[in-house]
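Quick notes on the structure that follows.
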Amino acid sequence: MTKFIKYFALCLLVCLTSGVALAQSSKGKSKGSDKGKGSEYPLKVKIWQLNDNCEQIDYNLDRDTSLHLFQVYDYNDKKSLSVSNLGNMGSPYISNIFDDREQNRQSPVFFMDYVSDFVTKPEDTKYYQVNHPYTWLYYAQTPKARNGQVIDFTHTQNVSKKFNWGFNVGLVGSTGRISRQHMRNTTFSPQMSYNGKHLKIHFFYKFNKFYTEEYGGIIDTIE
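Numbering (this note's numbering), first residue to last: 13 to 235.
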């Protein structure tokens, strides 16, 4: 957990540094334009994904600062109304609603089904075009008894009108209530895109790391 916090702090420092550099550049351009009037303009974010034929599909649900259902931090609860898991956030689970069980099976490998909601897959890659550096952060902390954390951090910005880069960092983990119940699912997904008149380039990289302790239940101490 400590290593991830250090890594997250480094990513945040990079974002802040790039934001300061852009602010200095904008300040220099606005000196000769009516004392800065009209230099401010609203943020515009365009998000799209690629289908199997590498065609662009607009992403309908724009990422914003909405608080809709912000209290639902567990990915399992977002998937189905009623869920049973192994007692810890990020652990294997199954929906208690039979009709919802089929949609939980997203992984082509059967043994990866239980982490399908935590894996970042190539088809999930989102590409951006923004006129300002754009940062989106979601953080949730559970009570100390379980010590669970959920982090979803995205930063993207345009180097030019045609070239954009960004990355996403995710963490779902909890120490649990009993020994050897620790779960930690970490993802890192950088992406870049270039949209020219005659050339379009998309690049992405997916990193998924899962740490699961198998406690096997509570030991019987009666014997």
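Idealized CB from N, CA, C, for every residue including glycine.
Simplified DSSP assignment, three categories, for residue i
i, result
"Tyr217", "coil"
"Val184", "strand"
"Val57", "strand"
"Pro202", "strand"
"Tyr82", "The amino acid at residue 82 is misidentified as Tyr; the sequence shows Phe. It is coil, neither helix nor strand."
"Ser42", "Here Ser42 scores only 46 on pLDDT, less than 50, and its place in the model is too uncertain to base an answer on."
"Phe165", "strand"
"Phe123", "helix"
"Phe222", "strand"
"Arg196", "strand"
"Asp70", "strand"
Assigned exposure category for residue i - 16 Cβ within 10 Å defines buried
i, result
"Asp64", "exposed"
"Ser201", "buried"
Rounded straight-line distance, which links the Cα of residue j to that of residue i
i, j, result
"Met204", "Tyr217", "9 Å"
"Asn252", "Lys56", "With the chain running from 13 to 235 in the structure shown, residue 252 is simply not present."
"Lys212", "Gly182", "28 Å"
"Thr224", "Lys173", "43 Å"
"Gln12", "Arg196", "No answer is possible for residue 12: it lies beyond the span of the chain, which begins at 13 and ends at 235."
"Gln61", "Gln83", "27 Å"
Between the segment 168 to 179 and the segment 84 to 101, do at least 3 Cβ pairs fall closer than 8 Å? no
Ranges of the beta strand (DSSP E) found wholly within the segment 84 to 111, counting only runs of at least 3: 95 to 97, 105 to 107
Contact between the segment 161 to 171 and the segment 135 to 142: three or more CB pairs below 8 Å? yes
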